[in-house]
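If you count by my numbering, then the sequence shown holds residues 2 to 202, one letter each, in order.
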Amino acid sequence: MHVLSELELTRGSGQVTKTGTTLSGEPSVASAVEWELHLPGRPTLKIHDNHWRNGERDLVVHKPPVMPEMPSALSNLHGRLRSGIAPTPGRQELRVMVYPTYVDKHGRPRINKSLTTEALADRMGLFVLRELTDREDVTLEPAHDRPDLPLVDLDDPQDEKPLQHALFFPAEDDETPVLGFVHFRVLPVLRHIDWLASDGG
Numbered sequence: 002m003h004v005l006s007e008l009e010l011t012r013g014s015g016q017v018t019k020t021g022t023t024l025s026g027e028p029s030v031a032s033a034v035e036w037e038l039h040l041p042g043r044p045t046l047k048i049h050d051n052h053w054r055n056g057e058r059d060l061v062v063h064k065p066p067v068m069p070e071m072p073s074a075l076s077n078l079h080g081r082l083r084s085g086i087a088p089t090p091g092r093q094e095l096r097v098m099v100y101p102t103y104v105d106k107h108g109r110p111r112i113n114k115s116l117t118t119e120a121l122a123d124r125m126g127l128f129v130l131r132e133l134t135d136r137e138d139v140t141l142e143p144a145h146d147r148p149d150l151p152l153v154d155l156d157d158p159q160d161e162k163p164l165q166h167a168l169f170f171p172a173e174d175d176e177t178p179v180l181g182f183v184h185f186r187v188l189p190v191l192r193h194i195d196w197l198a199s200d201g202g
């Protein structure tokens, strides 16, 4: 599938078995579904959707044994800043947190956890958020069910209260979390290193 106009995201045919540590810090074995992000003239980036034996799941830019040459900000994203995929209490959908990446003054990718919906739309692009939520049964909502949180309305994004946003999607939907991960975790770094146009493409 195409991401913006310049990138292509393809799913690998098999799965990779790997050992490591889950987001909760537990040593485990994962079966990773491998996705490839292709940008013409640049090294292919591999994204692993790790399904851990203890039931945890996360997404990460896979760090190969030998790294191709690339700017340090992108190199520093490999193997770091994983995004967890988790069940939602009281709901059937899974969720992935929408924490957009930025690059600090030392060239290290970092994440913002709490943003107003308007600030999130400014960071990711309103058209990207609409494209994601136009997918079947996918919604962008506050990550936590609390009565003091405003509604997430992409037709009228609020700029009063920062909150943690999440994409909610059906458990059988394997594409949406990866596509979201590419948009909120990888693309900001590609723009920072000038591998993508700042306005998206």
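Even for Gly, the Cβ is constructed at its ideal location relative to N, Cα and C.
From a predicted model like this one, the values you see are computed outputs, not experimental measurements.
Item, Value
"Nearest CA to the CA of P101: which residue from E94, H107, S73, L130?", "L130"
"Could you tell me which residues DSSP puts in a beta bridge with P41?", "Answer by DSSP bridge pairing: none, since P41 is not bridged."
"Could you tell me which residues DSSP pairs with T11 in its beta bridges?", "E37"
"Any idea if P41 is buried or exposed, counting beta-carbon neighbours within 10 angstroms, 16 or more meaning buried?", "exposed"
"Which residue wins for smallest C-alpha separation from P28, given the options T45, E57, E7?", "E57"
"Could you compute how far the alpha carbon of G85 sits from the alpha carbon of A172?", "14 angstroms"
"Straight-line CA distance for L120 to Q159?", "It should be pointed out that residue 120 corresponds to Ala in this sequence rather than to Leu. The alpha-carbon atoms of A120 and Q159 are separated by roughly 9 angstroms."
"Distance, Cα to Cα, M71 vs G126?", "25 angstroms"
"To the nearest angstrom, how far is the alpha carbon of F169 from that of L95?", "6 angstroms"
"Taking just the CA atoms, how far does V97 sit from D175?", "12 angstroms"
"Check whether the Cβ atoms of V104 and V4 lie closer than 8 angstroms to each other.", "no"
"Compute the beta-carbon to beta-carbon distance between E161 and P148, rounded to the nearest angstrom, for a pair I have assumed lies under 8 angstroms.", "E161 to P148, Cβ: 16 angstroms. No contact."
"Classify G21 as helix, strand or coil using the three-state DSSP reduction.", "strand"
"Report the option in S6, W53, K114, G181 whose CA atom is closest to the CA atom of S32.", "W53"
"Counting C-beta neighbours from all protein chains within 10 Å, is the total for T11 16 or more, i.e. buried, or is it exposed?", "exposed"
"Of the choices T177, L188, P69, D156, whose alpha-carbon is the least far from that of E137?", "T177"
"Using the Cβ count rule (16 or more neighbours within 10 Å means buried), how would you classify F128?", "exposed"
"For the candidate residues N51, G26, T22, S25, whose alpha-carbon lies nearest to that of W36?", "N51"
"Does H184 come out as helix, strand or coil in the three-state DSSP assignment?", "helix"
"Name the DSSP beta bridge partners of T140, please?", "F169"
"Please work out which residues of its chain come closer than 6 angstroms, Cβ to Cβ, to G108, disregarding the five sequence neighbours upstream and downstream, and give them in chain order.", "S73, A74"
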